[in-house]
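Residue numbers (the numbering used here): 1 to 876.
Built from N, CA and C at the ideal position, the CB exists for glycine as well.
Computed from a prediction, not measured in an experiment: that's the story for all the values here.
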Amino acid sequence: MKKRTGNELRDLFLEYFSNMDHMVEPSAPLVPIDDDSLLWINSGVATLKKYFDGRVTPENPKIVNAQKAIRTNDIENVGFTARHHTFFEMLGNFSIGDYFKKEAVEYAWDFLTNKDYIGFDPDLLYVTIHPEDEDAFKIWNETIGLSPERIIRIEGNFWDIGEGPCGPNSEIFYDRGPSYELDSPAEELYPGGENERYLEIWNLVFSEFNHNKDGSYTPLPKKNIDTGMGLERLASVIQDAPTNFDTDLFTPILASLEKISGKKYGEDDQVDTAFKVISDHIRTVSFAVADGALPSNEGRGYVLRRLIRRAVRFSKDLNIKRAFMYELVDTVAHVMGGFYSNVEERKDFIKEVIKKEEERFLVTLDEGIRIYEGLRDAAKKKDSVINGEDAFRLYDTYGFPYELTKEYAEIDGLEVDEEGFIREMEQQRERARSARKSGESMQVQSETLANITAPSEFTGYHTKKEEAVLSYIIKEDNALDSLSETGTVELIFDRTPFYAISGGQVADKGTIESGETKLEVTSVYKAPNGQNVHVAKLISGSISTGETYTLTVSREDRNFIIKNHTATHLLHQALKDTLGDHVNQAGSLVEKERLRFDFSHLEGLSNAELKTIEEIVNEKIYESLGVRISEMPIEDAKAKGAMALFGEKYGNIVRVVDIDEYSVELCGGIHVRNTSEIGLFKIVSESGIGAGVRRIEAVTSKFAVATYKEKEDKLVEIADTLKVKENQVTKKLNAVLEESKALKEENKSLKVSRQDENIANINELAETISGVRVISSEVSADNAKELREIMDNVKSKAQDAIIALAAVNEDKVSLVVTVPKELTDKVKAGEIMKGMAGAVDGKGGGRPDMAQGGGTNPANLTIALQFVKSHVKSSL
C-alpha cells in the first residue's frame, strides 16, 4: 500500500470510476440549490436526489463525485474524537438504474485491493451486510471470495431516510491492527463495533425499494446504487495517522495555528483539542462562506456563527485574545485549492466576513460574562447551583459557550446543573433530528415521465408559433391516446415554442388549437429526459396523440419577459461594477411585470449606489448594445469571461449570452436582440432577505413608465395639497418643516413653563405628616410620559418627600408615586398606587420606591389623592 496525499486519493477515486465509464459530477455548493428540505448538502447523494427519485434522467446513469458536505448534529464531539467533523468530503459512485449489487461490490473491492489504486491487503478487509440480504452475502462470499466469518450480519444495515428510495447496505472495514485496540471493550472488538481497530471506510447502499407514504415498501421501478467513502478517514488509514487531524488535509492548518498561538500540537491534550476544533471549524466556515452562506441568527447562518464562536472559545486554551481565524483562510485555500477553486477566488471576502464575526463575538463575550454574573449572584443567594436551563439559554441565545459558564462557576465556587443543560441540549437535538428526518426524504419514483425518451425540440428562441405533433397525453400520471373531458392535462409535443420555467425565467403562457379544440397553457416544466411538458387546461373539443396542433405563445407576455431577462444581466454586471466582484447571483425571478434579483453583499445599498446602478443599466440601454447568443464548449466560454449562475450544472456545450462584451453570461433564457428594446429600467426596491443576501426588484419598459407616472401623480397631489406648483414643492416643504420645528420648540417651551408652574404650586401644597413631607396633587400633563417628566422635576426639588401626582386627559387618569428609599421599609409606593388606582377604577403597581398606574373614573380623583395622606399617616 503506497502512501498518498489526500488530494491524490480524491483524484485517484475519480480517475478509477471515470475509467469505468462513470460521468464525473462536479462538487455542488454546500448551500443547496432548489432544495428547501436541506440546511446543508450533507452527503454525496444529496445533490443527486433528482436522479434517484426520477425527476431528472442523467446524461449517463453511472456517476462519480467527490462532494463537500457539512453535518453539525454532533458538533460537541468535534475536537474530542478522532473522526468527527463538521466539514468533510464524501467520495461516491452511483448507478441510476444501471448496474446493481454485483458490480458495485466488484468496483469497491477492485479499487481498494488493486495495487495501481489503493492496494490494501485483502486479508485486512471485512464487510457487514443486512441479515436478510442473501444476495449481498453470495456476492461477497462466492464472487469476491470472502470467508463467511469475515461477513458480519448487522440489523442496522438498512438505509432509509423516509419517503422515497431505500434499501440494505454493506459496509467495508479495514483492520488497523492490535495497536489500535486501545481501551476498547472486548465485546466491541469486531467490524461494526465501537472500536478504533476495525475502521469503516466505505458504505455501499443497494437502493431497491420505494418507501411509500403509507409506510409500505415496494420494489423500485429502477434499482440504484449509492456509495460513500469519507476522504479524511481514507487518508488517515493510507497515511497511518492516528486521527483524521494528523493527515495532510489538516497538518498545514495546524502548523499555521502553531505560528499564531505559539503553542505546539501533540504535546498537551487540552491544547490538541483546541487545535482540532479550530482547524475543523475554519474549513467549514471558509467553504460555507465561499458557497454563499453568511453568519446570522437563524438557519445555516446560525450554524456558522456558532462554529466561529466555538472556535473563539477554544482559542482561549491557546492564549489567543484577538481575532485570528481569518488568518487561516489562506492556508485552507492552499490545501484545498487544487480541486476547489472558489475558496482561493473569494478568500479576501471570506476573511472579511470571518474577521467581522470574530470581532463582534469578542464584544458579545463581554456581554455574556455580564449575564453570567447575574446568574452567579442569583445562585449564591439560593443553592450555589446555576440552573441548567439558564446555562443553556446563555449558550443557545447569547452564544456563550457552556465550557466558559462551567469554568467561571468553578472559580466562583458554584456548580452548574449539567443534567439540566444536557436535557435542554438533547431536546434541541431531537427537534433538529425531527426536522432532518422529514426534510431529507426523496420523492417516490414515477415511471411515466421517466420512460418517455422521444425527443422534443424547443424552437422558442426563434418563433412564438409552431405547428407540432402531439406525442404524449398524461393525465394523473397515466399516458393516454386521447382525451375529451375538460380539465388540466400534461402534454408533450415533437416540437414547441413554449419556454419551460428555468434559470429564473417563468414559463410561457399561450394557447394550443386545432379546429374546435382549444387549450390554455398555464405552465411548462422540464420532464426527466429534458422534454418540455405543457400543463394545459382543455377548454373545448378533444385531443389525440399523433394529431397536429398550433402552439401559440402569448406575444405580449413573452415580449416583456425577455426585456426583463436581458435587464437582469445588465443589472448583475452593474452591481459588480458598483459594489465589487464579490457580488454573486443568489437567485432571480423574471416575470412579465417585473424582475427580481438576489445577490451576495454584506450591507444595504445607499441611495447613491442605487442611483449609480440604475444609471449604468439605463446607459447600456440607451447605447443600443447588440445581444449576441452562441453555443460553444464550456472551456471556451470561461476563457471568454462568461459568468456562470451560482450552483448551476452545465454540460460540455453551453449557451452564451454576450451583451456587446459588457455582460457575458451562461444562460438558457430568451433575450432581446438589442438593449434598446428594453426601453427604460427603474429600481423599485432594495432590501435584505437574509444574512449577506440583498434583493433588488425592478421594472422595465411600460411598467417603468407606469412607475414614474405613479410618482408624478403623487407629486401633483402633494403640490395641490401645499397649493404650489410641482417645481416649488421642495421649497414649500422645507418652509413647512421649519414652521413645524418652530412650533415644536414653542410647545416645548410652554410645557417647561407649565411644569415650572406645576412645581411652584405643588411646593405650596406640601404637607408634613409624622415628620415627613407629603406632596399629593393633580397637575397638567398631556400623557403618562409627560407626567413622569413632571415627577422627575418635582423629585429633584423635594428629594426627601413622598410624592403622588395625577393628571386627567380625555376621561382617563394617569398616576405616579415615588417614596424616598430610606422610607420604603415603612411606606411602599406600590401599596399607595394600589389604593389610588382602586379609587379611580383602575390598576397600578411597581417597586417600593416608585409605582405607576391609571384609571377611568376622574370623578374620584380627590378621593385617590386623599388616600395618599391617610395611608402615609397610618404607616408612619
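Asked                                                                                                                   : Found
Simplified DSSP state of Gln505, which is helix, strand or coil                                                         : strand
Distance CB(Asp226)-CB(Gly97) smaller than 8 Å                                                                          : no
Sequence-distant residues of the same chain with beta carbon closer than 6 Å to Val469, five excluded per side          : Asp494, Thr548
Through-space distance from Tyr107 to Met20, alpha-carbon basis                                                         : 9 Å
Continuous beta strand (DSSP E) stretch holding Trp40: start and end                                                    : Here Trp40 belongs to no beta strand (DSSP E), and DSSP marks it neither H nor E.
Neighbour-count burial assignment, Pro295, 16 or more Cβ in a 10 Å radius                                               : buried
Option nearest Ile775 by Cα separation, candidates Asn809, Val816, Gln239                                               : Val816
Inter-residue Cα distance where the pair is Pro131 and Phe158                                                           : 10 Å
Buried or exposed (CB count within 10 angstroms, at least 16 for buried), Asp268                                        : exposed
Three-state secondary structure (DSSP) of Leu91                                                                         : strand
Beta-ladder partner(s) of Lys843, from DSSP                                                                             : Gly854
8 Å Cβ cutoff met for Phe94 and Ile63                                                                                   : yes
Buried or exposed by the 16-neighbour rule on C-beta atoms within 10 Å, applied to Asp246                               : buried
Length of the line joining the Cα atoms of Val736 and Gln728                                                            : 12 Å
Identified DSSP bridge partners for Asp226                                                                              : Phe94, Val205
Sub-8 Å separation of Met325 and Glu359 beta-carbons                                                                    : no
Identified DSSP bridge partners for Pro165                                                                              : Asn210
Phe206 beta carbon less than 8 Å from that of Asn169                                                                    : yes
Neighbourhood of Leu414 by C-beta distance below 8 Å, restricted to the same chain and skipping five residues each side : Arg376, Ala379, Lys380, Ser384, Val385, Ile386
Assigned exposure category for Phe80 - 16 Cβ within 10 Å defines buried                                                 : exposed
Stretch-stretch touch, CB-based, cutoff 8 Å, three pairs: the stretch 677-691 with the stretch 578-585                  : no
Nearest-angstrom Cα separation, counted from Thr143 out to Ser341                                                       : 41 Å
Where the alpha helix (DSSP H) containing Arg310 begins and where it ends                                               : 299-315
Reduced DSSP category for Asn532 - H, G, I as helix; E, B as strand; rest coil                                          : strand
For Glu635 and Lys351, the rounded distance between their alpha carbons                                                 : 29 Å
Start-to-end residues for the beta strand (DSSP E) that takes in Val521                                                 : 517-526
Closest residue to Asn42 among Asp74, Pro178, Asn60, Pro61 (Cα-Cα distance)                                             : Asp74
When Pro148, Thr86, Glu665 are compared against Gln573, the one with the closest alpha-carbon                           : Glu665
Same chain, Cβ closer than 8 Å to Ala536, five either side skipped, listed in chain order                               : Thr488, Val489, Glu490, Leu491, Ile512, Leu519, Glu520, Val521, Thr522
Lys464 and Val553 closer than 8 Å at C-beta                                                                             : yes
Cβ-based burial, Ile562 [other Cβ within 10 Å; buried from 16]                                                          : buried
Unbroken beta strand (DSSP E) run spanning Gly487, endpoints                                                            : 487-493
7 Å Cβ shell around Glu327 - same chain, five flanking residues per side excluded                                       : Ile260
Through-space distance from Thr700 to Ser676, alpha-carbon basis                                                        : 11 Å
Pairwise C-alpha distance: Val127 and Asp121                                                                            : 14 Å
Whole-angstrom distance between Glu59 and Arg436, CA atom to CA atom                                                    : Note that Arg436 scores 45 on pLDDT, short of 50, meaning its location in the model is unreliable; the coordinates nonetheless yield the value given after this. Roughly 30 Å separates the two Cα atoms.
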